[in-house]
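Novice:
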Amino acid sequence: MKEDAHSDAFTALCLRYLSGEAGSEDRRQLVAALQDPQKKAHFAALEKQWNGVGPASVTEPSFEAEAAFEQFRRTRMPASPPSVPQRRKGGRRPGLNLPLFFFAGCLAVAIAAYFWNTTQVDGPAPEKWVERLSPPGQSSVLTLSDGTRIYLNADSHLYIPTAFGATDRRVRLEGEAFFEVTHDPEHPFVVDAGGLRTTVLGTKFNLKAYDDSPVQAVSLVEGRVAVTPPAGTAGVVEPVVLKPGSAFELDRETRQSSTHPFDLSKAATWRFNRLTFDDTPLPEAARMLGRRFGVPVEVQGTKAAQHHLTAEFEHESLEEILDVLGKTEGLHSRVVRNSTYLEKVIFEVDAEADIP
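Numbering (this note's numbering), first residue to last: 2 to 357.
Now the structure itself:
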């Protein structure tokens with residue numbers, strides 16, 4: 002039986018994603034579920050409410066999604082009307098032990114006082130962060146209080162401290178974004194992403210750091226940035242300073258890094274609704290397609306996994322792209338559908354096929 006778009010299970014799944022607690026299986030289920038127009042509309046409504054009232058309570062390092070769901074449900078679902086107690090004639094209410102009730106009240110006050118004193122001496126309160134996200138199949142644009150403009154790619158999360166700009170300019174990224182940073186020499190702009198730190202004064206650059214991608218990359222368009230890779234990166238002991246037209250890449254598995262020039266005309270083309278593959282390994286191209294169209298795309302077989310793509314698409318639909326790749330690259334795509342929507346796409350290669 003088809004799951005209702007407003008079911009508790011689907012709402013909890015959405016809130017796990019919005020709170021940043023969704024695992025890989027949760028993300029796969031959500032991407033598949035969002036093919037249903039009703040569920041997509043319900044997710045959009047939840048996202049709007051979350052961004053309106055939820056992110057102010059997001060704190061580092063974690064957020065309890067299930068507890069958030071219960072609180073969220075209480076705020077959006079009317080509670081049942083309270084029952085009216087029947088007045089008894091004379092005497093006190095049965096079952097109410099006044100000495101015990103008084104003792105419990107004193108104990109509660111004492112416990113509250115203890116925790117109040119404890120939190121007062123433990124140090125400053127944890128820093129609060131606001132979360133902004135672009136779900137699979139969508140991208141978004143936001144402007145920070147200092148005028149910095151950020152283009153957030155699909156399936157990406159940006160975390161902004163509520164005190165942003167007061168003493169420093171620092172954000173956290175999970176996914177991919179293009180930054181147009183307002184120049185301020187007194188307050189460097191810092192982006193932390195998966196152990197990679199990028200420090201700038203005023204510039205334009207693209208940062209790609211998806212959890213499911215083996216390579217992180219910083220591509221500089223204007224200005225100058227200093228990239229500090231995680232400790233243990235092979236051959237790097239100091240920040241790497243990039244100039245326009247150069248990119249820094251880090252292989253998260255081998256810890257190997259490289260700096261190389263790139264074509265500025267191909268920088269962050271996703272901002273203009275273009276999908277660019279430049280000798281891109283097919284598994285990474287599949288992830289890019291999946292984020293673009295909000296549909297899981299898988300690669301099956303060693304031969305297909307070793308294939309690289311070089312192509313560019315702009316307004317083509319997923320079906321049109323699959324057709325082109327089949328004709329020009331010799332790739333076979335298998336589309337899996339259920340009764341209402343496209344569930345996933347699988348790239349595969351026949352054993353006899355000769356893939357270039």
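Beta carbons are placed, not taken as given, at the ideal position from N, Cα and C, and that holds for glycine. This structure is a prediction, so every number in the text was calculated from the model and none was measured.
Look up Y211 in the DSSP assignment and say whether it is helix, strand or coil.
Specialist: On the sequence shown, residue 211 is found 210 positions in, with the first residue counted as 1. Here Y211 sits in coil by DSSP.
Novice: Would you call A235 buried or exposed, if buried means 16 or more other Cβ atoms sit within 10 Å of its Cβ?
Specialist: The residue labelled residue 235 in the question sits at position 234 within the sequence shown. Flag for A235 reads exposed.
Novice: State the beta-bridge partners of D193 as determined by DSSP.
Specialist: Counting from 1 along the sequence shown, the entry for residue 193 is found at position 192. In DSSP, D193 forms a bridge with R173 and R198.
Novice: Leaving out the 5 sequence neighbours to the left and right, which residues in its chain are closer than 8 angstroms to H261 when beta-carbon positions are compared?
Specialist: Locating residue 261 in the sequence shown gives position 260, where the first residue counts as 1. Hits under 8 angstroms: S247, A248 and E250.
Novice: For I151, I'd like the list of residues in its chain whose CB is within less than 6 angstroms of its CB, leaving aside the five on either flank, ordered along the chain.
Specialist: As a first step, residue 151 is located in the sequence shown; it is residue number 150 there, counting from the start. Correct list, in chain order: L143, A178 and F180.
Novice: Report the three-state DSSP secondary structure of Q139 (helix, strand or coil).
Specialist: Translated into positions along the sequence shown, residue 139 becomes position 138. In the structure shown, Q139 sits in coil (DSSP, three-state: anything other than H, G, I, E or B).
Novice: Pick out whichever of N274, V216 and P230 has its Cα sitting closest to the Cα of R253.
Specialist: Here the question's residue 253 lines up with position 252 in the sequence shown. It is V216.
Novice: Inspect the CB distances between the stretch 153-163 and the stretch 305-314 and report whether three or more fall short of 8 angstroms.
Specialist: The stretch 153-163 vs the stretch 305-314: no contact.
Novice: As a quick exercise: from A164, P136, R198 and T270, pick the residue whose alpha carbon is nearest that of E48.
Specialist: Numbered from its first residue, the sequence shown carries residue 48 at position 47. E48 has its Cα closest to that of P136, out of A164, P136, R198 and T270.
Novice: Would you identify the three-state DSSP class for V337, choosing helix, strand or coil?
Specialist: Within the sequence shown, the letter at position 336 stands for residue 337. Reduced to three states, the DSSP call for V337 is strand.
Novice: So L208 and V219 are in contact, right, with Cβ under 8 angstroms, and what is the actual spacing, rounded?
Specialist: For the purposes of this step, residue 208 is identified with residue 207 of the sequence shown, where counting begins at 1. For the purposes of this step, residue 219 is identified with residue 218 of the sequence shown, where counting begins at 1. About 5 angstroms; that satisfies the 8 angstroms criterion.
Novice: Can you tell me which residues form a DSSP beta bridge with P262?
Specialist: For this step, residue 262 is matched to residue 261 along the sequence shown. Per DSSP, S247.
Novice: On the DSSP letters alone, give me the boundaries of the beta strand (DSSP E) that A312 sits inside.
Specialist: Mapped onto the sequence shown, residue 312 falls at position 311. That run of the beta strand (DSSP E) goes H309 to F314.
Novice: Starting from the Cα of R170, find the closest Cα among G224, P189 and E299 and give me that residue.
Specialist: Indexing the sequence shown from 1 puts residue 170 at position 169. Answer by Cα proximity: P189.
Novice: Considering F165, what are the terminal residues of the alpha helix (DSSP H) in which it resides?
Specialist: Your numbering for residue 165 matches position 164 in the sequence shown. Careful: F165 lies outside any alpha helix (DSSP H) and carries neither H nor E.
Novice: Is DSSP giving E330 helix, strand or coil here?
Specialist: If you number the sequence shown from 1, residue 330 lands on position 329. Of the three classes helix, strand and coil, the one that applies to E330 here is helix, per DSSP.
Novice: Taking Cβ positions, are R225 and K244 nearer each other than 8 angstroms?
Specialist: Numbered from its first residue, the sequence shown carries residue 225 at position 224. Numbered from its first residue, the sequence shown carries residue 244 at position 243. It is a contact, given that the beta carbons lie within the stated cut-off.
Novice: Considering Y18, what are the terminal residues of the alpha helix (DSSP H) in which it resides?
Specialist: By 1-based counting over the sequence shown, the position of residue 18 is 17. Segment D9 to L19, the alpha helix (DSSP H) holding Y18.
Novice: First and last residue of the beta strand (DSSP E) that includes P282?
Specialist: Position 281 of the sequence shown, counting from 1, holds the residue named residue 282. P282 -> beta strand (DSSP E) spans L276 to P282.
Novice: Ordered along the chain, which non-local residues of its own chain (more than five positions away) have a Cβ less than 6 angstroms from that of Y18?
Specialist: Residue numbering aside, residue 18 sits at position 17 when the sequence shown is read from its first letter. L31, listed in sequence order.
Novice: In whole angstroms, what is the alpha-carbon distance linking C15 and L197?
Specialist: Taking the sequence shown and counting its residues from 1, the one referred to as residue 15 is at position 14. Taking the sequence shown and counting its residues from 1, the one referred to as residue 197 is at position 196. Those two C-alpha atoms are separated by around 28 angstroms.
Novice: In or out: S8 buried (at least 16 other Cβ within 10 Å) or exposed?
Specialist: Sequence index remark: in the sequence shown, residue 8 carries index 7 (1-based). S8 should be labelled exposed.
Novice: Hey, would you say S146 sits closer than 8 angstroms to G166, going by beta carbons?
Specialist: To locate residue 146, count along the sequence shown from 1; it is residue 145. To locate residue 166, count along the sequence shown from 1; it is residue 165. Against a cut-off of 8 angstroms, the Cβ pair of G166 and S146 comes out as a contact.
Novice: Rounded to whole angstroms, what's the CA-CA distance from L159 to L174? Just pull it up for me.
Specialist: Numbered from 1 along the sequence shown, position 158 holds the residue referred to as residue 159. Numbered from 1 along the sequence shown, position 173 holds the residue referred to as residue 174. L159 and L174: Cα-Cα distance of roughly 5 angstroms.
Novice: Could you have a look at F103 and say whether DSSP puts it in helix, strand or coil?
Specialist: By 1-based counting over the sequence shown, the position of residue 103 is 102. Reliability of the predicted coordinates at F103 is poor, the pLDDT of 43 falling under 50, and no value is obtained from them.
Novice: For T277 and K328, I'd like the C-alpha separation in whole angstroms.
Specialist: To locate residue 277, count along the sequence shown from 1; it is residue 276. To locate residue 328, count along the sequence shown from 1; it is residue 327. Cα-Cα distance, rounded: 18 angstroms.
Novice: Return helix, strand or coil for L134, following the three-state DSSP convention.
Specialist: Taking the sequence shown and counting its residues from 1, one reaches residue 134 at position 133. Three-state result, L134: strand.
Novice: Please report the straight-line C-alpha distance between E65 and S20, rounded to a whole angstrom.
Specialist: Within the sequence shown, the letter at position 64 stands for residue 65. Within the sequence shown, the letter at position 19 stands for residue 20. Low confidence applies to E65: its pLDDT is 44, below 50, so where it sits in the model is not reliable, and the reading given next is rough at best. Their backbone Cα atoms lie some 8 angstroms apart in a straight line.
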